[in-house]
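J.:
Protein chains: 2
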Amino acid sequence: MQIPSAFEPPQRLLMGPGPSNVAPSVYQAMARTLVGHLDPTFIKMMEEIKEMLRAVFQTQNAMTFPVSGTGSAGMEFCFVNLLEPGDEAIIGVNGAFGARMADVAARCGANVTKVEAEWGRIIEPSQIADALKKTRPKLVAIVHAETSTGALTPIEELSRITHEAGALLLIDTVTSLGGCPVKVDEWNVDAVYSGTQKCLSCPPGLAPVSLSPRAMDVAAKRKSKVQSWYLDVNLLSSYWGEERVYHHTAPITMNYAIHEGLRLALTEGLENRWNRHRQNHELLKAGLTELGLGIASQKGHQLWQLNAVTVPNGADEAGVRKRLLSEFNIEVGAGLGPLKGKVWRVGLMGETSNPRNVEAFLGAMKQILKK
Amino acid sequence: MQIPSAFEPPQRLLMGPGPSNVAPSVYQAMARTLVGHLDPTFIKMMEEIKEMLRAVFQTQNAMTFPVSGTGSAGMEFCFVNLLEPGDEAIIGVNGAFGARMADVAARCGANVTKVEAEWGRIIEPSQIADALKKTRPKLVAIVHAETSTGALTPIEELSRITHEAGALLLIDTVTSLGGCPVKVDEWNVDAVYSGTQKCLSCPPGLAPVSLSPRAMDVAAKRKSKVQSWYLDVNLLSSYWGEERVYHHTAPITMNYAIHEGLRLALTEGLENRWNRHRQNHELLKAGLTELGLGIASQKGHQLWQLNAVTVPNGADEAGVRKRLLSEFNIEVGAGLGPLKGKVWRVGLMGETSNPRNVEAFLGAMKQILKK
Numbered sequence: 183m184q185i186p187s188a189f190e191p192p193q194r195l196l197m198g199p200g201p202s203n204v205a206p207s208v209y210q211a212m213a214r215t216l217v218g219h220l221d222p223t224f225i226k227m228m229e230e231i232k233e234m235l236r237a238v239f240q241t242q243n244a245m246t247f248p249v250s251g252t253g254s255a256g257m258e259f260c261f262v263n264l265l266e267p268g269d270e271a272i273i274g275v276n277g278a279f280g281a282r283m284a285d286v287a288a289r290c291g292a293n294v295t296k297v298e299a300e301w302g303r304i305i306e307p308s309q310i311a312d313a314l315k316k317t318r319p320k321l322v323a324i325v326h327a328e329t330s331t332g333a334l335t336p337i338e339e340l341s342r343i344t345h346e347a348g349a350l351l352l353i354d355t356v357t358s359l360g361g362c363p364v365k366v367d368e369w370n371v372d373a374v375y376s377g378t379q380k381c382l383s384c385p386p387g388l389a390p391v392s393l394s395p396r397a398m399d400v401a402a403k404r405k406s407k408v409q410s411w412y413l414d415v416n417l418l419s420s421y422w423g424e425e426r427v428y429h430h431t432a433p434i435t436m437n438y439a440i441h442e443g444l445r446l447a448l449t450e451g452l453e454n455r456w457n458r459h460r461q462n463h464e465l466l467k468a469g470l471t472e473l474g475l476g477i478a479s480q481k482g483h484q485l486w487q488l489n490a491v492t493v494p495n496g497a498d499e500a501g502v503r504k505r506l507l508s509e510f511n512i513e514v515g516a517g518l519g520p521l522k523g524k525v526w527r528v529g530l531m532g533e534t535s536n537p538r539n540v541e542a543f544l545g546a547m548k549q550i551l552k553k
Numbered sequence: 183m184q185i186p187s188a189f190e191p192p193q194r195l196l197m198g199p200g201p202s203n204v205a206p207s208v209y210q211a212m213a214r215t216l217v218g219h220l221d222p223t224f225i226k227m228m229e230e231i232k233e234m235l236r237a238v239f240q241t242q243n244a245m246t247f248p249v250s251g252t253g254s255a256g257m258e259f260c261f262v263n264l265l266e267p268g269d270e271a272i273i274g275v276n277g278a279f280g281a282r283m284a285d286v287a288a289r290c291g292a293n294v295t296k297v298e299a300e301w302g303r304i305i306e307p308s309q310i311a312d313a314l315k316k317t318r319p320k321l322v323a324i325v326h327a328e329t330s331t332g333a334l335t336p337i338e339e340l341s342r343i344t345h346e347a348g349a350l351l352l353i354d355t356v357t358s359l360g361g362c363p364v365k366v367d368e369w370n371v372d373a374v375y376s377g378t379q380k381c382l383s384c385p386p387g388l389a390p391v392s393l394s395p396r397a398m399d400v401a402a403k404r405k406s407k408v409q410s411w412y413l414d415v416n417l418l419s420s421y422w423g424e425e426r427v428y429h430h431t432a433p434i435t436m437n438y439a440i441h442e443g444l445r446l447a448l449t450e451g452l453e454n455r456w457n458r459h460r461q462n463h464e465l466l467k468a469g470l471t472e473l474g475l476g477i478a479s480q481k482g483h484q485l486w487q488l489n490a491v492t493v494p495n496g497a498d499e500a501g502v503r504k505r506l507l508s509e510f511n512i513e514v515g516a517g518l519g520p521l522k523g524k525v526w527r528v529g530l531m532g533e534t535s536n537p538r539n540v541e542a543f544l545g546a547m548k549q550i551l552k553k
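Given below as structure tokens:
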């Protein structure tokens, strides 16, 4: 065979639904020489990652660490550990990732009750309350920030009614973590997962997760073994815990990346970081209004970091994306499911969230839509 | 909290059971700027990775790609797709990774027949033939290169008797791929997985896998859904196939790494690479003999890339490893299971396999064992 030449990526401005742009010091971290996954220096770094992740998730949960897979592996980690065949689960479905959660839960053998909302709208507490009148689930799962629609579902009231019903609360914070408030302990969340490639601005490859002591207790007292060996928290807690029992070989370089990414987030300060994401969202929104464009997701619940921009009548949705990429080196995302062809998904996540990038995008759109 | 300082890894010579040292151009590849996982340039690179992996696995299998997890995720990928509850499986257990396969298969609901050999010895075809007289399994699984013992089990005869019995053959090549012959098509293997951090000399984080058309057919005709959404080959084949249906966000930087690692392997040439591993193994063995040390695994079946060096009577096994690391910056591995305290696992994998490193290790051992 003809051996391909070395890959030379184009210099994109990553304004889609993830990955987002990566900070220079994270690239530098990934180019550092490898150590073994049981090296004392790596083990010390694992401790630092856990501690920084706790700060970013705003939790004291001991079991807070990055799963060795992408965000979807984090989702699967939460479900496979908490659900057993025959368990009941209520799952909010208001976008692609809620639908994925329902699929994953069913593959664990759970009986899933879907609570649905139109894509772009939030899951209302009253909807969950109604479902809880009909079933006594082991857990309720909600997507905090729906990457497919740009809607942010508030968690506090949902958490209250979920716990009143004696269920665990599981939330997806893949797109929210690092870009807007995620308060695991204050909100009383039992299981949470995220990804590295959105508002933490690292490459994809790890899934930060956190389980409350209550969730850990459920996992420890299961009747059946966790169906995934790779994601079994009872094994992983010995590897990421004090015993350091060998489980799998951690993706070392990706851990270098998240270590640096978390350092950057905490050095900036979470409040500052959230404000930055809010401000650049408002800047984008003002500019969109000038262009006669709006945001499709529910008013009052629009994500700062991911904007579902309405495609105007007559515009060529895919053609605009293609021109943004080829003429301006700007990547934005397409709509999924019912929003396919109706929105562009414009991310302002992590490193990408700055005024210069907002202006670059607005300027490019102005040129493209005029013609 | 006190924000930790940036991680500055020590410069180790990685001579354990993996990860191995990484080539400079692979580090450079990982520092390249990120593109989106649906970027046309990334999609072209995915095709090149598949093509190069086929060359390295010596297969024409269409479904040949890197799973987005470490080697153990590759193991789980193979089992969850091929096994359903109630299926029969025969698994060779002659080390830690055979034992892990049996655990993973049981978590798929399979009835597992273990065919065991002493750690350090190979699984004999006659043992599998005997087991096949008592059960008609859906698959037979064997570890080609046991990372925990340094034994290499020949595959060809096992493959013949497995297929005569109408079963699929699954093999673990985590430590063999890139360091000694792995001939998927010639050996008629149906499912194979590997890792990036051994003889491919990339950081851990991806698991190259390949499924034969027969295995793909079994996965497509399952009665039940694959229990893992993340590892479901029926979904992954649409993402890594021509349709490019979004599944998960691939670990982009790790794919940059494997692209470069495969390029290096194919540029060197597989035969040359295997010979290099053999030669450095022989160099090590000759040096060990001079030091009065031997290799614990079965004669005639010793791996070139991983050497289970017998700890001499009276030597402090852990103390020697500690001194190698702290005084010489050389990492070697401990024994696992029944070999704990009895062997050092000395890897000569990928980049690490060169005469200079063999001499550095032997020189260090000479100094340490004298005192």
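Top line first, the protein sequences correspond to chains A and B. Using the working numbering, you'd call the opening residue of the first sequence number 183 and step up by one each time. Using the working numbering, you'd call the opening residue of the second sequence number 183 and step up by one each time. The beta-carbon is built from N, C-alpha and C at its ideal position, and this holds for glycine as well. Keep in mind it's a predicted model, so treat the numbers as computed, not measured.
#1: If we count the other Cβ atoms within 10 Å of its Cβ and call it buried at 16 or more, is Lys403 of chain B buried or exposed?
#2: Out of B:Asp269, B:Pro199, B:Ala271, point me to the one whose CA is closest to Gly253 of chain B's CA.
#3: In whole angstroms, give me the CA-to-CA distance for Asn489 of chain B and Lys524 of chain B.
#4: Below 6 Å CB to CB, which residues in the same chain sit around Leu485 of chain A once its five sequence neighbours on both sides are set aside?
#5: Would Ser376 of chain A pass as a contact of Pro390 of chain A if the rule is Cβ separation under 7 Å?
#6: Roughly how many angstroms separate the alpha carbons of Thr355 of chain A and Met234 of chain B, rounded to a whole number?
#7: How about the region 312 to 320 of chain A and the region 215 to 228 of chain A: do they share at least three Cβ pairs that are nearer than 8 Å?
#8: Check each residue of the region 433 to 459 of chain B: if its Cβ is closer than 8 Å to any Cβ of chain A, include it; give the result in chain order.
#9: Rounded to whole angstroms, what's the CA-CA distance from Gly277 of chain B to Leu521 of chain A? Just pull it up for me.
#10: In its own chain, which residues sit with a C-beta less than 7 Å from the C-beta of Gln379 of chain A, not counting the 5 before and 5 after it?
#11: Sort out for me which residues DSSP pairs Gln484 of chain B with in a bridge.
#12: Return the residue from the list B:Trp369, B:Leu417, B:Leu446 that minimises the CA-CA distance to Tyr209 of chain B.
#13: In chain order, what residues of the same chain lie with their CB nearer than 7 Å to the CB of Ala281 of chain A, ignoring the 5 residues before and after it?
#14: Please decide whether Arg214 of chain A counts as near chain B, where near means a Cβ-Cβ distance under 7 Å.
#15: Go through its chain and collect everything with a Cβ distance to Glu298 of chain A's Cβ below 6 Å, but skip five positions before and after it.
#16: Can you name, in chain order, every residue of its own chain whose Cβ lies under 7 Å from the Cβ of Arg455 of chain A, other than the five neighbours on each side?
#17: Looking only at C-alpha atoms, which of A:Leu216, A:Ile185, A:Glu190 sits nearest to Ile512 of chain B?
#18: Answer with buried or exposed for Asn495 of chain A, where buried requires no fewer than 16 other C-beta atoms within 10 angstroms of its C-beta.
#19: Checking contacts by CB at 7 Å: is Gln193 of chain A closer than that to chain B?
#20: Measuring only the C-alpha atoms, how far is Glu541 of chain B from Leu518 of chain A?
#21: Please tell me whether Ile310 of chain B has its Cβ less than 7 Å away from any Cβ of chain A.
#22: Check the Cβ of Ile305 of chain A against every Cβ in chain B and list those closer than 8 Å, keeping chain order.
#23: Please return the same chain residues whose Cβ sits closer than 8 Å to the Cβ of Glu230 of chain B, not counting the five positions on each side in sequence.
#24: Shorter than 7 Å from the beta carbon of His326 of chain A to some beta carbon of chain B?
#25: Please tell me whether Ile185 of chain B has its Cβ less than 7 Å away from any Cβ of chain A.
#26: Rounded to whole angstroms, what's the CA-CA distance from Leu551 of chain B to Pro537 of chain B? Just pull it up for me.
#27: Would you say Thr215 of chain B touches the ligand FAD, meaning its beta carbon is less than 6 Å from a heavy atom?
#28: Determine, using beta carbons only, whether Val491 of chain B and Leu475 of chain B come nearer to each other than 7 Å.
#29: Please compile the residues from chain A whose C-beta is within a distance smaller than 7 Å of the C-beta of Thr223 of chain B.
#30: Have a look at A:Tyr438, A:Leu388, A:Val371, A:Lys405 and flag the residue whose alpha-carbon is nearest the alpha-carbon of Arg396 of chain A.
#31: List the whole-angstrom C-beta distance separating Gln487 of chain A from Met531 of chain A, where the pair is believed to meet the contact cut-off of C-beta under 8 Å.
#32: Expressed to the nearest angstrom, what Euclidean distance is found between the alpha-carbon atoms of Gly423 of chain B and Gln184 of chain A?
#33: Of the residues B:Asp498, B:Glu450, B:Asp399, B:Asp414, which one's Cα is nearest the Cα of Val286 of chain A?
#34: At the 7 Å Cβ level, is Val204 of chain A part of the contact set with chain B, yes or no?
#35: Return no unless some Cβ of chain B is closer than 7 Å to the Cβ of Tyr375 of chain A.
#36: Does the separation of the CB atoms of Tyr438 of chain A and Arg194 of chain A fall below 7 Å?
T.: Taking the geometry as given:
#1: exposed
#2: B:Pro199
#3: 13 Å
#4: Ala327, Gly332, Leu334
#5: yes
#6: 36 Å
#7: no
#8: Pro433, Ile434, Thr435, Met436, Tyr438, Ala439, His441, Glu442, Arg445, Leu448, Thr449
#9: 51 Å
#10: Gly200, Pro201, Ser202, Pro385, Pro386
#11: B:Ala333
#12: B:Leu446
#13: Val275
#14: yes
#15: Val275
#16: Gly360, Ala447
#17: A:Leu216
#18: exposed
#19: yes
#20: 57 Å
#21: no
#22: Within 8 Å Cβ-Cβ: nothing; Ile305 of chain A doesn't reach chain B, min ~21 Å.
#23: His441
#24: no
#25: yes
#26: 21 Å
#27: Here there are no bound small molecules, and the ligand FAD is not part of this structure.
#28: yes
#29: Pro191, Pro192
#30: A:Val371
#31: 5 Å
#32: 21 Å
#33: B:Asp414
#34: yes
#35: no
#36: no
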